[in-house]
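Working notes for the structure below.
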Amino acid sequence: MSGFTHIESDGAPIKAWTQGVPIEDSALKQLRNVASLPFIHKHVAVMPDVHWGMGATVGSVIPTKGAIIPAAVGVDIGCGMMAGRTSIRAEHLPDNLFGIRSDIEAA
Numbered sequence: 871m872s873g874f875t876h877i878e879s880d881g882a883p884i885k886a887w888t889q890g891v892p893i894e895d896s897a898l899k900q901l902r903n904v905a906s907l908p909f910i911h912k913h914v915a916v917m918p919d920v921h922w923g924m925g926a927t928v929g930s931v932i933p934t935k936g937a938i939i940p941a942a943v944g945v946d947i948g949c950g951m952m953a954g955r956t957s958i959r960a961e962h963l964p965d966n967l968f969g970i971r972s973d974i975e976a977a
C-alpha cells in the first residue's frame with residue numbers, strides 16, 4: 871500500500887497523502903496548475919492540511935529543478951503543519967478523521 875492517492879494532472883504527477891480529507895476545487899485547480907510547470911521535479915505532494923492559498927496551495931510540497939518559487943512558501947498567516955510526539959496510537963483514532971476536522975473548523 872502506497873499511502874497516497876493520485877490526482878489526475880496533465881503535468882507532473884500529483885500524489886496526495888489526504889485520506890479522508892476533502893480537497894477544495896480551488897485547491898485542486900492550483901495543484902494542477904503548478905504540476906503543469908516545466909521545472910517540477912518528479913511530482914507534487916499534497917499533505918492533509920491542503921487548502922487554497924495566496925500564491926500557492928497550502929499543504930503542498932513543490933519540488934523543482936533549476937527554479938525557485940518564492941510564493942510557494944505561502945503568505946497565509948498561521949497555516950501549516952507540525953509534528954509532535956504524543957501517546958496516541960493509530961489504533962485509537964477513527965478510520966476517518968473528517969468529523970474531527972469538521973468540528974475543529976466549526977469551532
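Those letters in the sequence shown? Residues 871 to 977, per the numbering used here, in order.
All residues carry an ideal CB built from backbone N, CA and C; glycine is no exception.
Can you tell which of I938, I910, V891, K935 has the C-alpha that lies nearest to the C-alpha of D919?
For the purposes of this step, residue 919 is identified with residue 49 of the sequence shown, where counting begins at 1. The candidate whose alpha carbon is nearest that of D919 is V891.
Does the region 878-893 come within contact of the region 911-926, defined as at least 3 CB pairs closer than 8 Å?
yes
Taking S930 as the reference, which of T888, A960, L963 has the closest Cα?
Residue mapping note: residue 930 aligns to position 60 of the sequence shown, counting from 1. Of T888, A960, L963, the residue nearest in Cα terms is T888.
In the DSSP assignment, what residue or residues form a beta bridge with V931?
Here the question's residue 931 lines up with position 61 in the sequence shown. According to DSSP, V931 bridges with A915.
Pull up the CB-CB distance for W922 and S906, whole angstroms please, since I reckon it's below 8 Å.
The residue given as residue 922 occupies position 52 in the sequence shown. The residue given as residue 906 occupies position 36 in the sequence shown. Not really, about 17 Å apart at Cβ, beyond 8 Å.
Which stretch, first to last residue, makes up the beta strand (DSSP E) that contains I884?
Counted from its first residue, the sequence shown places residue 884 at position 14. 884-886 is the span of the beta strand (DSSP E), which, as asked, contains I884.
Give me the Cβ distance between L901 and I939, rounded to the nearest whole Å; I'm assuming they're in contact under 8 Å.
Locating residue 901 in the sequence shown gives position 31, where the first residue counts as 1. Locating residue 939 in the sequence shown gives position 69, where the first residue counts as 1. So it is not a contact: roughly 13 Å between Cβ atoms.
Assuming A926 and A941 form a contact by the criterion Cβ under 8 Å, report the distance between their Cβ atoms to the nearest whole angstrom.
As a working mapping, residue 926 is identified with position 56 in the sequence shown. As a working mapping, residue 941 is identified with position 71 in the sequence shown. Right, their Cβ atoms sit about 5 Å apart.
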